[in-house]
Amino acid sequence: MNKISIIGAGMTGSTAAHWLAEKEIADIVLVDVVEGMPQGKALDLQEALPIIGKDVELTGSNDYAATKNSDVVIITAGIARKPGMSRDDLLKTNAGIVGTAALETLKHSPDAIFIVLTNPLDTMAYLALKKTGLPRERVLGQAGILDSARMRAFVAMETGVSVENIQCYVLGGHGDEMVPLTKHSNVAGIPLRDYLPADRLAAIVERTRKGGAEVINLLKTGSAYYAPGLACAQMADAILRDKHLIVPCAAMMQGEYGLDDMYFGVPVQIGRAGMERIVEYKLDEEERAMFDKSAAAVKETHEAMKSLVQI
Ligand code: APR
Numbered sequence: 000m001n002k003i004s005i006i007g008a009g010m011t012g013s014t015a016a017h018w019l020a021e022k023e024i025a026d027i028v029l030v031d032v033v034e035g036m037p038q039g040k041a042l043d044l045q046e047a048l049p050i051i052g053k054d055v056e057l058t059g060s061n062d063y064a065a066t067k068n069s070d071v072v073i074i075t076a077g078i079a080r081k082p083g084m085s086r087d088d089l090l091k092t093n094a095g096i097v098g099t100a101a102l103e104t105l106k107h108s109p110d111a112i113f114i115v116l117t118n119p120l121d122t123m124a125y126l127a128l129k130k131t132g133l134p135r136e137r138v139l140g141q142a143g144i145l146d147s148a149r150m151r152a153f154v155a156m157e158t159g160v161s162v163e164n165i166q167c168y169v170l171g172g173h174g175d176e177m178v179p180l181t182k183h184s185n186v187a188g189i190p191l192r193d194y195l196p197a198d199r200l201a202a203i204v205e206r207t208r209k210g211g212a213e214v215i216n217l218l219k220t221g222s223a224y225y226a227p228g229l230a231c232a233q234m235a236d237a238i239l240r241d242k243h244l245i246v247p248c249a250a251m252m253q254g255e256y257g258l259d260d261m262y263f264g265v266p267v268q269i270g271r272a273g274m275e276r277i278v279e280y281k282l283d284e285e286e287r288a289m290f291d292k293s294a295a296a297v298k299e300t301h302e303a304m305k306s307l308v309q310i
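Here numbering that gives the first Met the number 0 is used: the first residue of the sequence shown is 0, the next is one more, and so on.
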């Protein structure tokens with residue numbers, strides 16, 4: 000059986016475990032600093048599986064040794080910004096957590112593929128790559144599947160068409176400047192630009208960009224976890240089943256799209272080796288401008304992180 004370790008057994012980590020257990024593709028280990036919590040969640044989930052007849056083993060632990068020989072490592076450990084905490088404080092704290100999580104898991108699983116979810120996602124993936132020294136194929140960040148799924152949900156609500164007919168591609172950094180593509184996104188093959196009136200499409204683009212905040216404002220405490228959890232489950236599934244699936248996710252740029260030495264959300268083909276290739280779309284002028292703006296915002300966070308922690 001394959002093995003997936005999830006570092007951070009909070010809302011997103013444990014929800015990812017839930018979605019993954021249902022897929023029955025790997026044994027799952029949950030690791031967290033909180034004593035008893037990952038053990039309790041793993042046991043609860045283990046006890047649910049007889050009901051759906053799924054045979055995978057769930058383990059909860061406070062010790063990285065439990066992650067030994069993982070095929071995939073998902074990092075969701077981190078803290079949310081608290082009142083009075085500056086953006087830099089948050090960046091420094093989460094960089095410390097993600098750096099340790101990546102190095103500790105790598106010690107026990109030298110061949111694992113890493114998926115980073117902790118925010119700020121693009122920068123945390125960059126940090127994990129630099130800290131571990133792994134080739135870029137083995138360190139990916141997840142936000143693009145989530146952002147694209149949100150856009151697909153909004154298009155389905157607007158059009159009344161099945162989500163199965165709706166393909167959306169949201170690229171760029173996972174922030175307010177993300178780039179929901181309207182030419183490459185489509186309803187049954189018809190570009191969104193041609194399918195929807197411009198004002199309705201603009202509203203969907205805007206709602207997609209603010210998708211995370213919309214959920215946070217409703218929940219009042221905490222942020223989204225169902226969609227983020229399933230997004231990383233899809234990546235782990237594509238890796239373990241060697242699907243050669245093209246999905247938007249954060250990857251290390253080495254000249255693609257004219258970007259270098261930074262993580263950025265782009266279409267990536269993934270399989271058992273992790274990233275197989277980056278797919279380059281032909282962007283029009285408007286998309287290119289949005290891309291550059293988003294890239295500048297991500298680069299700025301990368302630089303802020305570099306000034307705060309040693310990598
Ligand atoms: N090692 C392991 N786990 C840790 C560590 C650490 N050093 N520090 C914190 N954690 C754990 C917390 O104990 C908590 O259980 O990380 C978990 C984070 O879970 P939540 O607070 O529930 O946050 P969640 O909603 O899951 O989001 C986690 O993913 O999507 C991103 O923006 C989100 O950065 C955030 C992360």
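Even for Gly, the Cβ is constructed at its ideal location relative to N, Cα and C.
- Which of helix, strand or coil does DSSP assign to R240? coil
- Message: Below 7 Å, is the gap between the Cβ of G132 and the nearest heavy atom of ligand 2?
- Response: As for ligand 2, it is missing from this structure, which binds only ligand 1.
- Message: Am I right that A250 and L139 are in contact with their C-beta atoms under 8 Å? What's the rounded C-beta distance?
- Response: 6 Å
- Query: Is the beta carbon of D31 within less than 7 Å of some heavy atom of ligand 1?
  - Reply: yes
- Query: Which residues in the same chain as A232 place their Cβ atom closer than 6 Å to its Cβ, once the five residues preceding and following it in sequence are excluded?
  - Reply: A15, W18, L19
- Alpha carbon of G171 to alpha carbon of I6, nearest angstrom: 25 Å
- Message: Rounded to the nearest angstrom, what separates A235 and N1 at their Cα positions?
- Response: 11 Å
- Item | Proximity of V169 and D146 at Cβ, strictly below 8 Å | yes
- DSSP state of V32, grouped into three classes? coil
- Per-residue burial, E285 [other beta carbons within 10 Å of its own, 16 or more giving buried]: exposed
- Query: Under the DSSP definition of a beta bridge, which residues are partnered with M274?
  - Reply: I269
- In angstroms with no decimal places, state the Cα-to-Cα distance between A8 and V30. 6 Å
- Message: For the beta strand (DSSP E) containing L133, name the first residue and the last one.
- Response: Premise fails: L133 is in no beta strand (DSSP E) and is neither H nor E.
- Message: Check for me: the alpha helix (DSSP H) holding I73 runs from which residue to which?
- Response: Per DSSP, I73 belongs to no alpha helix (DSSP H); it is in the beta strand (DSSP E), 71 to 74.
- Segment limits, beta strand (DSSP E) that includes K2: 1 to 6
- Task: Enumerate, from N- to C-terminal direction, the unbroken beta strand (DSSP E) stretches of 3 or more residues contained entirely within the segment 9 to 53.
- Result: 25 to 30
- First through last residue of the alpha helix (DSSP H) which encompasses T220: Neither: T220 is in no alpha helix (DSSP H) and is coded neither H nor E.
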